[in-house]
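Protein chains in written order, with my numbering: chain A, 58 to 586; chain B, 377 to 471.
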Amino acid sequence: MESAAQPADGAGHKWKPQDVTAHIQRAHAFAQTGTQLRLETESLFVTSSRGFGRELPPIGLTRPPLKSRRYTIDASLATGAFQEKRDYVACYYERVPEDLTYPTQSTAKISVSVRETDEPVRLRNQITLPDPLRYRELHRWGCVLPQFNADKYPGDNSGRDFLNDTYTQFSDGPLRNEDFATITLMNRDSWYRDDVMDAALALCSIYYGADDNEIMVVGSGTAQAFKFAAMADRELDMTELRAYAPRFQGKKWILMPLNDGIGGTSTGQFQGTHWSLLAIDRPNKSAHYIDGLGNGMEKMAKRYACALQKMVDDEEYDFSIEWNAPHQWCDNSTPFDDWGPCGPYVVKMIKIMMDQIRTLHNAGCDAEIGFHLSPDFRSRFDFNSYAERRALEYTIASFKADQVTKERATVHANTVLGLPRPLDPTKFGNPTWPNYDAPLFTQGTPGCLTLSKLRNYRELTLRQHQRHTSAYGDSSSDSSGGISINREISGTHHRVGCDGDQEGQFANDIDMQDQPVSIAINNDRGVRI
Amino acid sequence: MSDNGSPMQQKPEDGQQEHLNIKVTDNNNEVFFKIKRTTQLSKLMNAFCDRQGKNMQSVRFLFDGQRVQPGDSPDTLDMQDGDTLEVHQEQIGGC
């Protein structure tokens, strides 16, 4: 028998124990399914009142399928609907993975003095949404950004250098946290590094389907190797160069960013100062040098064009300097002083060229593809270096969010199904472009903003974009099974009932988505590890 | 004493050498390393940078034109005895 608590207001002398078991049972009609799952943030509130009482379900389908479930979700994404300022910043990627073991039944009691006809009932069990970052939709700007202005992990005294850790991995190499943090800077530190350029090239290659459209985008590594081969005897080492020829097999158009620091040795201090672009049109046997500052790297461009033609075609290319190329500063509409716009300039030019190739190639008009810039190209260039930087930053963050989502979803599913956790991150593979917010990579130019508002502006534009991007809207209305999220403007909750009668499927319709080192000198010049 | 010997003394069954000689060059300097096939190349990279007085973050190690990751090993890159790692300076540009 359960008895109601004795009042603490001086009326205890009149207190007689009362059996409230029936009362409690009435209040918990669905004891096995009554657990509430909730997630509350500044801009999102999700509760689920059913379906979590027995065990945590996996995200995907299982075989054999799990039993059918029925659950309801309340969700609101209204900005400012909740006073508690909680957001996913608590869900940093570096956080220790949480324990996904289903919590033991705990009971929250109300410790207030009451005198009511009906005794207060206990709150239903509540659990938090396990690992929200396994859903692509629940990734927010705050958690995909590295901790700026921090060179160490908070509370970590082990000396681990945060800035040198890898932010995300691309096909051509890693992008460090420090690299990522410099993308949208506008001062001297904002100069694009080779890792940033390679990241942009990798994303362009995915987005514009470089392989399908017979485009070769040459990263900094291959460009360095070209120079290295040329440096050996001050003449082109064609034997070594031709080892790279298979990579260019079947590619009609070659785009190669050039840096005046290419070929710098590890003992030198010169790292380069400028990015320009060399575009090879193999069907038309032409090479185009495009530079936002004129023709300062013409000699290098000619040398690379020569190396490429000997390597892949062994025929002459018509080399031309594109004098109609827009100027990186004069034709830059950024409202800020950008100390290093040549990197964004080259990325923008590559995007325009790849877009042109993709469009005409898909239309079967390969003959119309050309890299010559017409006199009116400058007026159509529409270059804003800050917008380019911001678009690249967000696209890379989206790329990482996609990777983390896949990894965490797999770990969660394996955990709740009792399978071993995957240890090899490469198993998850690279995300494919359709999962990105592709329009952001080409989003419009922002209005004039003061620097102090930049960070707020990023968050604001992101939210505005999410609110107006149809892909997000579709994620709610088209969900036929799992959790669906509804967006609203009014600031009130909007209840969405879902009958999850699909077999063993849960939330799958969310569209948000070696020997210690011993070094010994070996004879006179060898080192043994 | 065990007849089996330690794993270190065992020779690979496929006839491949257990140790490789790898040349690391930046076109000015050449350093030769003898390294186990399964040893992470991060050790080699760190050793080279220490000898040259360079910051690991400011150089790029390339093998056959591809970036070498610290977690790579000669086995994962299918390196052969006598292969060369190229070392390049980080590129940067802005004006």
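Glycine residues also receive a C-beta, built at the ideal position from the N, C-alpha and C atoms.
Computed from a predicted structure; not experimentally measured.
Check whether residue i and residue j have beta carbons under 9 Å apart
| i | j | result |
| --- | --- | --- |
| P379 (chain A) | D423 (chain A) | A small correction: the amino acid at residue 379 (chain A) is Glu; Pro does not occupy that position in the sequence shown. No, the Cβ-Cβ distance between E379 (chain A) and D423 (chain A) is not below 9 Å. |
| V400 (chain B) | F437 (chain B) | yes |
| L258 (chain A) | D229 (chain A) | yes |
| W401 (chain A) | R446 (chain A) | It should be pointed out that residue 401 (chain A) corresponds to Pro in this sequence rather than to Trp. Result yes, Cβ atoms of P401 (chain A) and R446 (chain A) sit closer than 9 Å. |
| H429 (chain A) | S333 (chain A) | no |
| F227 (chain A) | E450 (chain A) | no |
| G458 (chain B) | A282 (chain A) | no |
| L420 (chain B) | Q445 (chain B) | no |
| E466 (chain B) | Q433 (chain B) | yes |
| Y192 (chain A) | T462 (chain A) | yes |
| A470 (chain A) | I116 (chain A) | yes |
| K410 (chain B) | N422 (chain B) | no |
| I468 (chain B) | Y224 (chain A) | no |
| M368 (chain A) | M295 (chain A) | yes |
| A444 (chain A) | T391 (chain A) | yes |
Beta-carbon contacts of residue i that lie in its chain and below 8 Å, excluding the five residues immediately before and after
| i | result |
| --- | --- |
| C261 (chain A) | A267, V274, V404, I407, K408, M411 |
| N431 (chain B) | C425 |
| N221 (chain A) | R233, N234, E235 |
| D394 (chain A) | M243 |
| Q393 (chain B) | R413, D457 |
| R304 (chain A) | M273, T279 |
| D370 (chain A) | R339, K342 |
| S431 (chain A) | N381 |
Neighbourhood of residue i by C-beta, 6 Å cutoff - its chain only, sequence neighbours within 5 removed
| i | result |
| --- | --- |
| N589 (chain A) | Nothing in the structure corresponds to residue 589 (chain A), since chain A is present only between 58 and 586. |
| N270 (chain A) | I414, R415, H418 |
| H464 (chain B) | R436 |
| G276 (chain A) | D229, D255, L258 |
| N352 (chain A) | I378 |
| D246 (chain A) | T239 |
| D375 (chain A) | S343 |
| I426 (chain A) | I414, L417 |
Buried versus exposed call for residue i [16 or more other C-beta atoms within 10 Å across all chains shown]
| i | result |
| --- | --- |
| N234 (chain A) | buried |
| D252 (chain A) | buried |
| A358 (chain A) | buried |
| Q306 (chain A) | exposed |
| K284 (chain A) | buried |
| L315 (chain A) | buried |
| E372 (chain A) | exposed |
| R299 (chain A) | exposed |
| L94 (chain A) | buried |
| G470 (chain B) | buried |
| P383 (chain A) | buried |
| S455 (chain A) | buried |
| R83 (chain A) | exposed |
| L335 (chain A) | buried |
| R120 (chain A) | exposed |
| A20 (chain A) | Absent from the model: residue 20 (chain A). The displayed extent of chain A is 58 to 586, so no value can be given. |
| G475 (chain A) | exposed |
Same chain only: Cβ atoms within 7 Å of residue i, ignoring 5 sequence neighbours per side
| i | result |
| --- | --- |
| L96 (chain A) | V103, T185, L186, P189 |
| T344 (chain B) | Examination of residue 344 (chain B) is not possible in this model, given that chain B is present from 377 through 471 alone. |
| K309 (chain A) | E271, R339, P340 |
| L365 (chain A) | I311, I337 |
| T1 (chain A) | This structure gives no information on residue 1 (chain A), because the portion of chain A shown stretches from 58 to 586. |
| D317 (chain A) | G329, T330, H331, M354, M357 |
| T460 (chain B) | K399, T401 |
| P482 (chain A) | At P482 (chain A), the pLDDT of 48 sits below 50, so the modelled position is not reliable and the matter cannot be decided from this model. |
| Q385 (chain A) | G349, L350, P398, C399, Y402 |
* Interface residues of the region 337-359 of chain A facing chain B [CB-CB below 9 Å] -> L350
* To do: Could you name the residues of the region 387-415 of chain A whose beta carbon sits closer than 9 Å to any beta carbon of chain E, in the order they occur along the chain?
  => The structure shown contains no chain E; its protein chains are A and B.
* Asked: For the region 455-471 of chain B, which residues have a CB atom closer than 9 Å to at least one CB atom of chain A, in sequence order?
  -> E462, V463, H464, Q465, E466, Q467, I468, G469, G470, C471
* Entirely within the region 335-375 of chain A and at least 3 residues each: give me those beta strand (DSSP E) ranges in chain order. => 343-347
* Asked: Which of the residues in the region 391-409 of chain B, read from start to end, lie with their CB under 7 Å from any CB of chain A?
  -> D402, N403, N404, N405, V407, F408, F409
* Going along the chain, which unbroken runs of the beta strand (DSSP E) with 3 or more residues stay wholly within the region 214-291 of chain A? -> 223-227, 230-233, 272-274
* To do: Below 7 Å between beta carbons is the criterion; list the residues of the region 241-253 of chain A that meet it against any residue of chain B, in chain order.
  => S247, W248, Y249, R250, D251
* Residues of the region 417-442 of chain B with Cβ closer than 9 Å to any Cβ of chain A, in chain order -> K419, L420, N422, A423, F424, C425, D426, R427, Q428, G429, K430, M432, Q433, S434, V435, R436, L438, D440, G441, Q442
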